[in-house]
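These notes are about the structure you will find just below.
In the UniProt record's numbering, the protein residues as written are 1 to 384.
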């Protein structure tokens, strides 16, 4: 294919156009807001690691912003890629940038990147802009577009889904972090012939962002829960029932909380905090592992902090999660296992409507190096 045509692209709310000297003031304003901590830019360049667009923090220097407009953006076009300013279609004010980089002509392949200015966040502009860029690139001969995201960058992955990209896996050590450290990246891609976005999800968001019965509330687990989660997960009665049955480090818990939304968007697991609804205090966690999408079967697990046990919180949490799983995820069956010695957990499942199926021999590794039997419970859609 030849070079991509230099043209403007319009969406319902946006105009994608060439960077201009009139954008310098907004580039500088965005860069200074981020550098001062007054705002947060969404996105980042290709691979989440930089590039010509690469995030707006560097544009705090007016000379750097002018170089981007006058030199770097034209050079990207000359190399076979593309750089567009994302502007408000009515006012023409800069909202961010999108780009195509790492263009491989023999493979008709490139990588998409974007960033949004602090004043453009939370309005769906990222997905709208990346979708327009992707549609345009595929129409002009590219066969494959990739978008990479750090596992903890849920917003970037939501943009990928909105633009019709599909999750393909994790690239180990494919990105760089502070100090040159290597970091994993989640690979998303869209091919010629793939349907336009948004990409369907196995696990939808919670309606209204939470599930609650007025006593207990379930919220998606995120990085702000790391300290509370660590205090509970380090308790022997909790980690000895986990797989593997060893106490996690604080760093492991922090990483697990930071990547929980990535697991949710991948359709692998919906991990939620159990909270006291009136006070919003952390009480524990509950998880739905989507183990068998083909058969619409999923596994439930949960634990509570000691101060919140014996109040019916676990039963309420399981009921809330089961209702969402059947009504919104459209699951056919939930199942859960409880250590044969853990009669309290078995009672939770029975109160929540689960039926005891039988005993699974040597189901899990035990903390003493042996194996542990589980009691298997199930709940079928329509039976509660």
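Heads up, the beta-carbon is just placed ideally off N, CA and C, and yes, glycines get one too.
Where residue i falls: helix, strand or coil (DSSP)
i           : result
residue 140 : coil
residue 126 : helix
residue 26  : helix
residue 97  : strand
residue 20  : coil
residue 385 : The requested residue 385 is not part of the displayed model; the chain covers only 1 to 384.
residue 158 : helix
residue 36  : coil
residue 49  : For residue 49, the pLDDT reaches just 42, beneath the cut-off of 50, and the residue's location in the model is therefore unreliable, leaving the point undetermined.
residue 315 : helix
residue 268 : coil
residue 175 : strand
residue 291 : strand
residue 383 : coil
residue 121 : coil
residue 133 : helix
residue 191 : strand
residue 233 : helix
residue 3   : coil
Proximity below 8 Å, CB of residue i to CB of residue j
i           : j           : result
residue 264 : residue 200 : no
residue 166 : residue 188 : yes
residue 99  : residue 83  : yes
residue 142 : residue 196 : no
residue 307 : residue 288 : no
residue 154 : residue 261 : yes
residue 388 : residue 329 : A question about residue 388 goes unanswered here, because the residues of the chain that appear run from 1 up to 384.
residue 30  : residue 59  : yes
residue 229 : residue 285 : yes
residue 314 : residue 275 : no
residue 372 : residue 339 : yes
residue 245 : residue 366 : yes
residue 65  : residue 24  : yes
residue 290 : residue 268 : yes
residue 253 : residue 233 : yes
residue 336 : residue 320 : no
residue 22  : residue 6   : no
residue 14  : residue 87  : yes
residue 76  : residue 26  : no
residue 126 : residue 114 : yes
residue 266 : residue 331 : no
residue 20  : residue 69  : yes
residue 134 : residue 89  : no
residue 251 : residue 239 : no
8 Å contact criterion, which residue i and residue j should meet: CB distance rounded
i           : j           : result
residue 163 : residue 130 : 4 Å
residue 16  : residue 132 : 6 Å
residue 192 : residue 138 : 5 Å
residue 116 : residue 95  : 6 Å
residue 352 : residue 322 : 7 Å
residue 334 : residue 298 : 6 Å
residue 376 : residue 357 : 4 Å
residue 110 : residue 81  : 7 Å
residue 282 : residue 273 : 6 Å
residue 249 : residue 152 : Actually they do not touch by this definition, with Cβ atoms about 17 Å apart.
residue 183 : residue 150 : 6 Å
residue 140 : residue 4   : 6 Å
residue 305 : residue 257 : The Cβ separation is near 15 Å, so there is no contact.
Which residues DSSP lists as bridging residue i, in chain order
i           : result
residue 274 : 218 and 284
residue 212 : 217
residue 186 : 149 and 170
residue 14  : 88
residue 302 : 286
residue 238 : The partner list for residue 238 (beta bridge, DSSP) is empty, contrary to what the question assumes.
residue 9   : 16
Residue i beta carbon near the ligand ATP (any heavy atom closer than 7 Å)
i           : result
residue 381 : Ligands are entirely absent from the displayed structure, and the ligand ATP is therefore not among its contents.
If you scan the stretch 319-378 from start to end, which runs of the beta strand (DSSP E) of 3 or more residues do you find wholly inside it?
-> 333-339 and 355-365
Segments assigned beta strand (DSSP E), at least 3 residues, entirely inside the stretch 72-117 | 82-88, 94-104 and 109-116
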